[in-house]
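The structure under discussion appears below in the form of structure tokens.
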Amino acid sequence: MTLQQQFENNIQQQQFFSKKDKILVAVSGGIDSVVLCQLLHQGGFTFAIAHCNFTLRQQASNEDEAFVKAMAEKYKADFFSRSFDTHAFAENKKIGIQEAARTLRYSFFTELVSEKSHQLYGLVTAHHADDNVETCLMNFFKGTGLAGLQGMAAKSRQYDILIIRPLLIFSKTQLIEYAGQEKLLWREDASNATDKYTRNYFRNTLIPGLQKVFPQVEQNILGNMRRFAGASEIYQYGIQQLLKKQLQQKGEEWHWPVWMLLKSPGSLTLLYEFVKNYGFLPGQVPGIMNLCQSETGKYVSSETHRIFRNRRWLVLAPLGAGASHFIIDEERTQVFFDGQVLKIKKLHAPVNITPGEFTAQLDAGEIQFPLLLRKYKTGDYFYPLGLAKKKKLSRFFIDKKLSVSQKEKVWVIESQRKIVWVIGYRIDDRFKITARTKNVLQLSAEAV
């Protein structure tokens, strides 16, 4: 069976997508994504091409983009590209270059797939078996647990979009052989030959070193990954059964009898699997477990929830009306506060202005994360939309004829210590949409 036949059979058996679906292919211009496009084209699939220019290699980055654009023309595929100042983004977010590139890349892809006018079924990437081996080993050393040892899934929903990896059944060697047979051309990224980035070290140094001792190491790891996936299904089933028996839901709260948690097999693991969904970190789990030995009233908090000891119970509850502030990072899409939900969307300008005091559309270029959602306090001021000078909120409320009780219920959102929106009343003039606005941050608040 040829590689082309294996490729098409895999798509059909796994029900990745059909020839009626239009898919978005992430294309760097390297051999993997070039092979992927050729296989899709030969198979008669409909696809668009997306390319990210991270401007990390000066002229070479621009040449990559031109190469991929020519590919799109060759295949008569829609072409989307975007350039990023990756170094500036990484510095601003205080993260590494590779993490910055990944964040920018998937943000762009998600935006494209989510845009209804493009009619895209999902994102298809060119990750192959060798990539998955690297991912498994990297996750092992990072300590990601059983879930990370499964590597990348062939089909998953991430970043609110469907991501498909149809080349995971093929090795890099197979892709190189296919490219030679098809006489394909591709771009070489010189940085791949260095150990500058973590994945390159695994690819160029660690795995070849392991192969000298264990020649079948890659095949063995791939086999283990399949077993880990099966073990994970059993593990998750067992976790859910235990939690179902032990937890009691009362409104927005979860109540857990202390004695049941203490007698559970793997109690620390069981506790973590439950609380991780509410923003708690692995390092907080021992402290939460210590609540089982503490007096009533002691607690441990995440950004959104609190676990406290209440007599014979551990109680998990959202930080509701009692919470005075919430930190909102760039990845958040919603925040629950004070009986309301704040929804966060990123849009491309131009947008249709949405009227209403509980929706704010702001110039995203003027906004810096993290945002602070907090209650109004004495001394607050802002520049109300339509006014060129600042105004204290206390005076603004007098003009609005707000009662004392109404003032106490007011929440505001800050960016870099500047109020951008008085929720339910008005945005700040400094953050309004203008003719120069390229991206829009839309915030909306509604009761839950």
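Residue numbers (the numbering used here): 465 to 912. Here a beta-carbon is modelled for each residue, glycine too, at the ideal position from N, C-alpha and C. Computed from a predicted model, the values in this text were never measured in an experiment.
Notebook entry, point to check: CA-CA distance, A785 and W875?
Noted result: Legend: pLDDT at A785 = 46, less than 50; position of this residue unreliable, value from coordinates given subsequently. Distance from the CA of A785 to the CA of W875, rounded to the nearest whole angstrom, comes to 11 Å.
Item checked: Collapsed DSSP secondary structure at A536 in the structure displayed -> Three-state DSSP puts A536 in a helix.
Item checked: Selection from N517, S758, A618 and S858 that minimises the alpha carbon distance to I627 -> I627 has its Cα closest to that of A618, out of N517, S758, A618 and S858.
Checklist line | Between the CA atoms of L503 and Y539 - distance to the nearest angstrom | finding: Between Y539 and L503, the alpha-carbon positions lie close to 11 Å from each other.
Item checked: Exposed unless 16 or more other CB atoms sit within 10 angstroms - verdict on A552 -> Exposed: under 16 other Cβ atoms inside 10 Å.
Note to self: Using 8 Å for Cβ pairs, my map puts S497 next to A593. What's the rounded Cβ distance?
What the structure shows: Wrong, their Cβ atoms sit about 16 Å apart, outside the cutoff.
Note to self: Distance check for L726 and F895, CA to CA, integer angstroms please.
What the structure shows: F895 and L726: Cα-Cα distance of roughly 52 Å.
Check: L826 and V884 look like a contact to me (Cβ under 8 Å); what is the Cβ gap, rounded to whole Å?
Finding: At roughly 6 Å, the Cβ-Cβ gap stays under 8 Å, so L826 and V884 are in contact.
Check: Residues in its own chain within less than 6 Å of E830 by CB, not counting five upstream and five downstream?
Finding: So the list reads F895, once near-sequence residues are dropped.
Notebook entry, point to check: On the three-state DSSP scale, how would you describe A785?
Noted result: For A785, the predicted model reports a pLDDT of 46, less than 50, meaning its position is unreliable and no value from the coordinates is stated.
Checklist line | Integer Cβ distance of I887 from A911, believed to fall under 8 Å | finding: Actually they are not in contact, since the Cβ atoms of I887 and A911 sit about 12 Å apart, beyond 8 Å.
Check: Which residue comes first and which comes last in the beta strand (DSSP E) that contains H515?
Finding: From DSSP, the beta strand (DSSP E) with H515 extends over T510 to N517.
Notebook entry, point to check: If you follow the alpha helix (DSSP H) that V498 is part of, which residue opens it and which one closes it?
Noted result: Note, V498: alpha helix (DSSP H), I495 to Q506.
Notebook entry, point to check: Going by Cα to Cα distance, which pick from Q614, A541 and N596 is closest to H582?
Noted result: The shortest Cα separation from H582 among Q614, A541 and N596 belongs to A541.
Notebook entry, point to check: If you follow the beta strand (DSSP E) that H769 is part of, which residue opens it and which one closes it?
Noted result: Boundaries of the beta strand (DSSP E) around H769: H769 to N774.
Note to self: Tell me which residues share the same chain as Y736 and place their Cβ nearer than 7 Å to its Cβ, disregarding the 5 neighbours each side in the sequence.
What the structure shows: So the list reads P746 and V749, once near-sequence residues are dropped.
Checklist line | Spatially closest choice to E697 from A611, L837 and K676, by CA coordinates | finding: Of the listed residues, the one whose Cα sits closest to E697 is A611.
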